[in-house]
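Residue 912 in my numbering sits at position 14 of the sequence shown, and the numbers go up by one each step. Written out below as structure tokens is the structure these notes cover.
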Amino acid sequence: MEVQKRRAVDYSEIDVDAPGHGQWKNVYDYDVPVLHIDKLTQAQSDGQVTSLDAAKKLMHRFTVEEVEAAVDEVGS
């Protein structure tokens, strides 16, 4: 991801069609690709499930600049 070259961010991909990801499929099935941006909580860093209540979502098409702005907005 281009943004990772410019700043430290934790990034992971989720296949909404993979077994066990039904909660993500229910929310994002027709919106992929989607970038779900949220602050990392201690529970998440300990391996617990990320919240579906994203602080910011970018859907379908987005630029590096839009991603950086969203990351900055969520991080502040």
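Ideal Cβ placement from N, Cα and C applies to all residues, glycine included.
Item	Value
Helix, strand or coil at Val-969 [DSSP, three-state]	helix
Nearest to Asp-970 (by Cα), restricted to the options Asp-936, Trp-922, Asn-924 and Asp-929	Asp-936
Coil, strand or helix - Val-930 by DSSP	coil
Host alpha helix (DSSP H) of Lys-937 (start-end)	First-last for Lys-937: undefined, no H or E at that position.
Glu-911: first and last residue of the uninterrupted alpha helix (DSSP H) it sits in	Run containing Glu-911: none; DSSP gives neither H nor E here.
From Lys-903, Leu-933, Phe-960 and Ala-906, residue whose alpha carbon lies closest to that of Val-914	Leu-933
Paired residues, beta bridge with Lys-955 - DSSP	His-934
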